[in-house]
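Working notes, beginning with the structure itself.
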Amino acid sequence: MHGIFMNSLLELLKRFSESNLSTILLTILIAYLIRGLIIRVLRKHVKEQKSFYKAKRSITYAYFTLVSLVVILIWADTDSVGTYLGLISAGLAIALKDIFINIAAWIFILIKKPFDVGDRIEINGHTGDVIDKRLFQFTLMEVGNWVSSDQSTGRMIHIPNSMVFTFPLANFSSGFEYIWNEVDVLLTFESDFKKAKPLFLAIAEKYSLHLTDTIEEKLKQASKKYLIYYNILTPIVYTDVKESGVMLSIRYLCPPRQRRNTTESIWEDVLQVIEDNDDINLAYNTIRLVDKASR
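In this text, residue positions in the sequence shown follow this note's numbering: the first is 472, and each later residue adds one.
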């Protein structure tokens, strides 16, 4: 594309007379001086910054439009209309490349439906609920970021459609409409983790999605479209050993938008269990001094 553009430009310049070039340069110079004069007058009389910015932008657009029209009229007087049209086409293709890609991505979104309005997605580090889809961009109501967990920040993020071609897209809502969440509870090595494990499992079962026919049917539907296979859908508590104690990981299914609420409820019940049982204690970073001389 760049080669076509340069070849067309060179061919057009060969056919151009010096008078035409002089006329174009003079037009550009005069229009530029008029633009600068108008902006200087506006700066003196328009005090509000936003209004001045809008007026300056409009004048700039008018400047480029005027120059373009004059150049077109001058070129139209030559026998280079075909070359001119080719040059314009190549230039537009280069200048509007991102716009064409956004339109192609919009068609892809409409046909393949990687997400829909109302879905919670993550793309290029941005997470949020899709609230609008348009020709050139889609809009997210942001969640996360500086706000802990999955709560809304109140910001709207406008993302170019072309990003669906260049970045991985995670959809929390399509396919199987539930996510796995884990709450990690670190207990001291002295704690009775065997006693704590069934107590934590009961808490997870209290707040987890109960395995209903509806959930099983949605999983079957998702497995027909994607290679999704879950051997265990019920809550489970895993055991692991860390430097500071025994880690019990409470794993359970929940809707994407209820992750924070269920995490809060589970932690409140876990803290109550720890308060009610003296042999179950939360671990934290500790330093132990061992006196070998006393042995």
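Virtual Cβ for every residue (Gly too), placed ideally from N, Cα, C.
The distance from the Cβ of ILE578 to that of PHE586 is about 15 Å, inconsistent with a contact at the 8 Å cut-off. If you check the CB distance, ILE721 and GLU653 come in under 8 Å. Collapsing the DSSP output to three states places ASN652 in a strand.
Under the three-state reduction of DSSP output, ALA675 falls in the helix class. The region 707-715 and the region 627-637 do not touch, with fewer than three beta-carbon pairs separated by less than 8 Å. Taking a cut-off of 8 Å for Cβ pairs, the region 602-620 and the region 649-669 do not touch, as fewer than three such pairs fall below it. Residue pairing for ASP750: DSSP places it in no beta bridge. Contact between ILE572 and HIS597 is absent: CB atoms are separated by about 19 Å, not below the 8 Å threshold. Between ASN632 and GLN608, the C-beta gap is smaller than 8 Å, which places the two residues in contact.
For the pair ALA576 and VAL542, the Cα-to-Cα distance works out to about 34 Å. The beta-carbon separation of PHE664 and LEU719, rounded to 6 Å, stays under the 8 Å limit for a contact. Taking all protein chains in view, the Cβ of ILE594 is crowded by 16 or more other Cβ atoms within 10 Å, so the residue is classified as buried.
Under the DSSP assignment, THR637 falls in the alpha helix (DSSP H) whose first and last residues are 634-637.
In this structure, LEU657 places its C-beta atom within 8 Å of the C-beta atom of LEU753. Beta-bridge annotation (DSSP): PRO726 is not paired with any residue. Straight across, the Cα-Cα distance linking SER736 with TYR678 is about 8 Å. If you look at ASP711, you'll find it in the beta strand (DSSP E) that goes 707-713. Taking all protein chains shown into account, SER644 has 16 or more neighbouring C-beta atoms within 10 Å of its C-beta and is therefore buried. In the structure shown, the three-state DSSP call for ARG605 is coil. If you draw a straight line from the Cα of ARG730 to the Cα of SER715, it is about 27 Å long.
Beyond the five residues adjoining it in sequence on each side, LEU537 comes within less than 6 Å, by CB distance, of ALA502 in the same chain, given in chain order. DSSP, reduced to helix, strand and coil, places LEU540 within a helical segment of the structure shown. By the neighbour-count criterion, in which 16 or more other beta carbons inside 10 Å mark a residue as buried, LEU611 falls on the buried side.
Exposed is the label assigned to ASP747, since fewer than 16 other Cβ atoms lie within 10 Å of its Cβ.
Going by C-alpha positions, ASP590 is about 10 Å away from GLU648.
Here DSSP, grouped into helix, strand and coil, assigns THR659 to coil. CA-CA distance, ALA667 to CYS725, rounds to 22 Å.
The beta carbon of LEU496 is closer than 6 Å to none in its chain, skipping five residues each way along the sequence.
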